[in-house]
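Written below as structure tokens is the structure these notes are about.
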Amino acid sequence: MADVNALQKYRIYLQYLEKKLGEYFQEQSPYIFCKAGCSSCCEKGEYPFTEIEFSYLMLGVQTLSPDTIKKIEANIEQIRKDKAECKEKKFLHACPFLIDKKCSLYDFRGIICRSHGLAFFDKDQHLLVPACVDEGLNYSNVYDFENRTISSEKYKATGIKQEPLAHNVGVYYLTNNEITKELGLDFGEIKPMAHFFLGED
Ligand code: SF4
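Read in the working numbering, the sequence shown has 335 at position 194, and its numbers run on one by one without any break.
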């Protein structure tokens, strides 16, 4: 688990991140169709996390009711069984902290949970859009589904002034940049979230 000093630095970084991501979401608002009650991004995934983020998430558990904690424990047990039976290379699952289609640890959620929804560049500088584009959600109004990319023709046809842009908001970048270095914040390795709650080595 991350130490108190690391968690303090992480809290400071989160303040910076919230502001920055807020600006990006505002800028990209013509392409963002996230709405209350939609939990699609928490229903199937690996949820890349680091130890600091998971330790911070666990601080939030102390704020939950015993009933919610029981539901989370049951979710984790189900995920443990599903993972043992999974034959796929990637194990995708619902986040165990998603209760009644809402994040039970919203204020303590990880970086991927905060940045998800925006178009972004991955580690190799490939432009990606969130998977919910296939559900007719984010960036679907400017997406070329055949070529799997943002289409400048579709964008022009919308008449929207603000261009659809990708930002450097991939988890790799957000856990390893000038600000994290300045803060002396070492996130360490990024792993699927299940690694942490299943207690794997
Ligand atoms: S921690 Fe919350 S926001 Fe993040 S994936 Fe889980 S339910 Fe979704």
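We put the CB at the ideal spot given by N, CA and C, even for glycine.
Would you mind giving the Cβ-Cβ distance between residue i and residue j, rounded to the nearest angstrom? I have them listed as a contact below 8 Å.
i: Pro305; j: Tyr188; result: Pro305 to Tyr188, Cβ: 25 Å. No contact.
i: Thr191; j: Gly340; result: At roughly 16 Å, the Cβ-Cβ gap does not stay under 8 Å, so Thr191 and Gly340 are not in contact.
i: Ile240; j: Val312; result: With 8 Å as the limit, Ile240 and Val312 do not qualify as a contact, their Cβ atoms being about 24 Å apart.
Let me check understanding here. Comparing Cα to Cα, which of the options lies closest to residue i?
i: Ile331; options: Leu268, Leu315, Ile320; result: Leu315
i: Leu324; options: Gly277, Ile210, Arg152; result: Arg152
i: Asn318; options: Arg221, Lys212, Tyr157, Gly258; result: Tyr157
i: Gln234; options: Asp241, Asn216, Asp248, Gly251; result: The identity of residue 234 in the sequence shown is His, whereas the question assumes Gln. Measuring from the Cα of His234, the nearest candidate turns out to be Asn216.
i: Lys243; options: Ala177, Glu229, Met142, Glu164; result: Ala177
i: Cys273; options: His267, Ser281, Gln266; result: Ser281
i: Asp275; options: Gln266, Ile291, Cys227, Asp265; result: Ile291
Straight-line CA distance for residue i to residue j?
i: Asp327; j: Ser245; result: 26 Å
i: Gly277; j: Leu259; result: 14 Å
i: Phe337; j: Phe261; result: 25 Å
i: Thr209; j: Leu162; result: 29 Å
i: Val310; j: Glu218; result: 32 Å
i: Ser256; j: Ser180; result: 14 Å
i: Phe238; j: Gly201; result: 11 Å
i: Ser196; j: Ala143; result: 6 Å
i: Asp285; j: Gln167; result: 23 Å
i: Lys230; j: Lys185; result: 15 Å
i: Ile173; j: Glu214; result: 33 Å
i: Asn279; j: Val270; result: 8 Å
At a threshold of 7 Å, does residue i count as lining ligand 1 (C-beta to nearest heavy atom)?
i: Tyr188; result: yes
i: Cys273; result: no
i: Leu315; result: no
i: Gly178; result: no
What three-state label does DSSP hand residue i in the structure shown?
i: Phe174; result: coil
i: Leu339; result: coil
i: Leu306; result: coil
i: Pro207; result: helix
i: Cys244; result: strand
i: Ile217; result: helix
i: Tyr280; result: coil
i: Lys161; result: helix
i: Asp275; result: helix
i: Phe286; result: coil
i: Lys264; result: coil
i: Leu198; result: helix
i: Lys297; result: helix
i: Lys185; result: coil
i: Lys231; result: coil
Examine ligand 2 and report whether any of its heavy atoms sits within less than 7 Å of the Cβ of residue i.
i: Cys244; result: In the structure on display, ligand 2 does not appear, and the ligands it does have are ligand 1.
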